[in-house]
Amino acid sequence: MGRGIQMTIRKTTSRRDALWMLGSSAALLTSGCSGPERLPALPAQYTADANPLGLANARFFPDTEAGDMRGEGTESLRREMAAWRAAGNTGPLPAANFLAISGGGDNGAFGSGLLVGWTQAGNRPQFKLVTGVSTGSLISPFAFLGTAFDEPLKAVYTTITPPQVYRPRSLVMAVFDDALADTSPLAQVIAQYMDEKMMTAIAAEYQKGRLLLIGTTNLDAQRPCIWNIGAIAASGHPGALGLVRQILRASSAVPGVFQPVLITVEYQGKQYQEMHVDGGAIAQLFLYPPSIHLGTAAPARARRAYIIRNARLDADWADTEPRTLTIAGRAISTMLATSGQNDVLRVYFTTQRDHVDYNLAYIGTDFTTPHPKEEFNQAYMNALYDYSYQKARAGYPWSKKPPYL
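Everything in the sequence shown is counted per this note's numbering, starting at 4 for the first residue and increasing by one.
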């Protein structure tokens, strides 16, 4: 979720508390305290062979399975063409629109407002492909299903409060449990919106050749994982809804701050658990693996990519206190910001190579509302939502390249 790491550390740890925690950790460790239990981790050699719910195309590891992803794209094109012909259309397929939505914590209000304002402008397209990471993963199902889901999308990013996202833990629990905060409240919010009705709608669009992909990080394997949400929804498996809810929660699980999610898989009759966290631990956003060349993977058709970066792309200056945890949090925030900038660049160069029209949106320097110390502050989120909504309603000025090029 991005910037929440440093702020959560600040809120949960005073100088006295930090010194107490550091000084008492050794004693507590030797007294027999243990963390949460889990099933055995899936051995490294089986990582690519264990299929959640038994579905071979439920997820992909893009570092080694770009070929399988290319095959999934080919199959989606076949379904799209069949649906196009069945509707009585002739000639080539229309332009393909892609949408990538980044992480950014409560800055997801930017992407939410932009999409709803785009609807009001009257020219928001349907997307062939939607991808999401972290807060972008929470936005992506609404964006994928289109304008009929604008109201719940707006509600999530304008009415949510911190207690609906997480419950801070005591310092002892934070040290010896799996995170600084319990995200059971977020799981309830996800379950409220990601229901059987939404799953059925996602499955129907998948059958028409559209793709919804969400990124997590497999922490055991230290590998990016891209989940094929439409294929899971269309599988009809009784565990599909529960798995998708887990994926959404995992993609938003900032390591150390929010709880990781343990996803159960089976291999050769034995159950294991994979630990998944925020996809932003590896990439703040993605479109498709650069190893896939669209020039050879798809027939000639116009293609447009829309990139929503739920963050600023200029430096976020701050007066950093000379304290260990504050410095660590600030350093992590800096690494995440730089990672996001690099992801924007990577997607840009990939689209230029493949002759995909590139369009970028991000929080500009003209948004001057300061971020409060509290994460998921309603006043801040509403201000940011209105900022992007008004811009999009008037015709968003999409950038044709990253601002630092």
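Glycine included, every Cβ here is placed at the ideal spot set by N, Cα and C.
What does DSSP give as the partner residues of residue i in its beta bridges?
{"i": "Tyr270", "result": "Lys273"}
{"i": "Asn221", "result": "Arg226, His279"}
{"i": "Ile311", "result": "Ile104, Ala364"}
{"i": "Asn3", "result": "Residue 3 cannot be examined here, being either before or after the span of the chain that is shown, 4 to 408."}
{"i": "Pro171", "result": "Ala184"}
{"i": "Ala99", "result": "Arg306"}
{"i": "Leu132", "result": "Phe101, Leu214"}
{"i": "Arg62", "result": "Trp230"}
{"i": "Ala44", "result": "Gln276"}
To the nearest angstrom, report how far apart residue i and residue j are at their CA atoms.
{"i": "Ile330", "j": "Arg213", "result": "44 Å"}
{"i": "Tyr407", "j": "Thr368", "result": "14 Å"}
{"i": "Ala90", "j": "Gly298", "result": "27 Å"}
{"i": "Met84", "j": "Arg73", "result": "17 Å"}
{"i": "Ser34", "j": "Phe179", "result": "Because the pLDDT at Ser34 is just 46, under 50, the model does not fix this residue reliably, and the value given afterwards should be weighed accordingly. Answer to the nearest angstrom: the Cα atoms are 12 Å apart."}
{"i": "Tyr270", "j": "Ile235", "result": "18 Å"}
{"i": "Lys157", "j": "Tyr361", "result": "26 Å"}
{"i": "Asn100", "j": "Asn54", "result": "29 Å"}
{"i": "Gly242", "j": "Met201", "result": "15 Å"}
{"i": "Asn313", "j": "Ser137", "result": "10 Å"}
{"i": "Arg396", "j": "Leu215", "result": "25 Å"}
{"i": "Ile250", "j": "Gly106", "result": "14 Å"}
{"i": "Thr93", "j": "Leu222", "result": "47 Å"}
{"i": "Thr162", "j": "Asp109", "result": "11 Å"}
{"i": "Pro144", "j": "Ile104", "result": "11 Å"}
{"i": "Arg82", "j": "Tyr291", "result": "19 Å"}
{"i": "Arg306", "j": "Thr50", "result": "33 Å"}
{"i": "Thr267", "j": "Leu102", "result": "30 Å"}
{"i": "Lys404", "j": "Thr219", "result": "26 Å"}
{"i": "Leu96", "j": "Ala364", "result": "27 Å"}
Quick one: grab the DSSP three-state call for residue i.
{"i": "Thr161", "result": "helix"}
{"i": "Ile366", "result": "strand"}
{"i": "Trp87", "result": "helix"}
{"i": "Arg82", "result": "helix"}
{"i": "Gly149", "result": "coil"}
{"i": "Leu265", "result": "strand"}
{"i": "Ser402", "result": "strand"}
{"i": "Arg326", "result": "coil"}
{"i": "Val359", "result": "coil"}
{"i": "Pro375", "result": "coil"}
{"i": "Thr93", "result": "coil"}
{"i": "Ile295", "result": "coil"}
{"i": "Asn110", "result": "helix"}
{"i": "Met197", "result": "coil"}
{"i": "Glu68", "result": "coil"}
Is it buried or exposed for residue i, if we count other Cβ within 10 angstroms and need 16 for buried?
{"i": "Lys131", "result": "buried"}
{"i": "Pro375", "result": "exposed"}
{"i": "Thr164", "result": "exposed"}
{"i": "Glu75", "result": "buried"}
{"i": "Lys394", "result": "buried"}
{"i": "Gly70", "result": "exposed"}
{"i": "Trp230", "result": "buried"}
{"i": "Thr203", "result": "exposed"}
{"i": "Tyr160", "result": "buried"}
{"i": "Gln287", "result": "buried"}
{"i": "Thr371", "result": "exposed"}
{"i": "Ser294", "result": "exposed"}
{"i": "Gln225", "result": "exposed"}
Segment contact flag, the region 336 to 347 with the region 372 to 384, C-beta cutoff 8 Å, min 3 pairs: Cβ pair count under 8 Å is below three, so no.
Inter-stretch contact at 8 Å, needing at least 3 Cβ pairs: the region 182 to 194 / the region 110 to 125: no
The region 245 to 259 contacting the region 307 to 324, beta-carbon criterion three pairs below 8 Å: no
Cβ contact check for the region 117 to 126 and the region 343 to 362: 3 or more pairs under 8 Å: No: fewer than three Cβ pairs fall under 8 Å.
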